[in-house]
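Q: One structure is given below, represented as structure tokens, and several questions about it will come after.
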Amino acid sequence: MRPNSWLSGISKTGNAATNSQAAEKLIINILDNGTMTQGYHKVFGNVIKVRLPNGAGAWWKSSGEFIGFLERFTP
Numbered sequence: 017m018r019p020n021s022w023l024s025g026i027s028k029t030g031n032a033a034t035n036s037q038a039a040e041k042l043i044i045n046i047l048d049n050g051t052m053t054q055g056y057h058k059v060f061g062n063v064i065k066v067r068l069p070n071g072a073g074a075w076w077k078s079s080g081e082f083i084g085f086l087e088r089f090t091p
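Residue 91 is where the sequence shown ends in the numbering used here, and the numbering goes up by one at each step.
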């Protein structure tokens with residue numbers, strides 16, 4: 017994880033249950049407060065991105081398969 021990442025509740029070496037709970041809270045916040053866009057990615061095909069106003073977010077394949085979290089926009 018990058019230094020100063022907005023994904024502060026998730027640890028690559030942490031407890032899986034704790035990480036899952038933190039990720040669920042992040043995804044709920046993103047879906048409740050984010051803006052959805054659809055686009056095409058050369059590897060994943062059609063994708064859906066949901067971003068918060070600061071750029072942090074998550075993205076999925078059009079099939080609904082989770083791809084990952086998106087970092088904030090950098091100035």
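Glycine included, each C-beta is placed from N, C-alpha and C at the ideal position.
On the three-state DSSP scale, how would you describe Asn49?
A: Three-state DSSP puts Asn49 in a helix.
Q: If contacts are defined as beta-carbon pairs under 8 Å, then Gly55 and Val63 qualify, I think. What distance do you get, rounded to the angstrom?
A: 6 Å
Q: So which of Asn70, Glu81, Lys77, Lys58 has the shortest CA-CA distance to Gly50?
A: It is Asn70.
Q: If you count every other CB in all the chains shown that lies within 10 Å of the CB of Gly84, and 16 or more means buried, which is it?
A: exposed
Q: Exposed or buried, what is Ala74 when buried is set at 16 or more other beta-carbons lying within 10 Å of its beta-carbon?
A: buried
Q: Which residues bound the beta strand (DSSP E) around Gly73?
A: 73–77
Q: If you draw a straight line from the C-alpha of Glu81 to the C-alpha of Ala39, how long is it?
A: 15 Å
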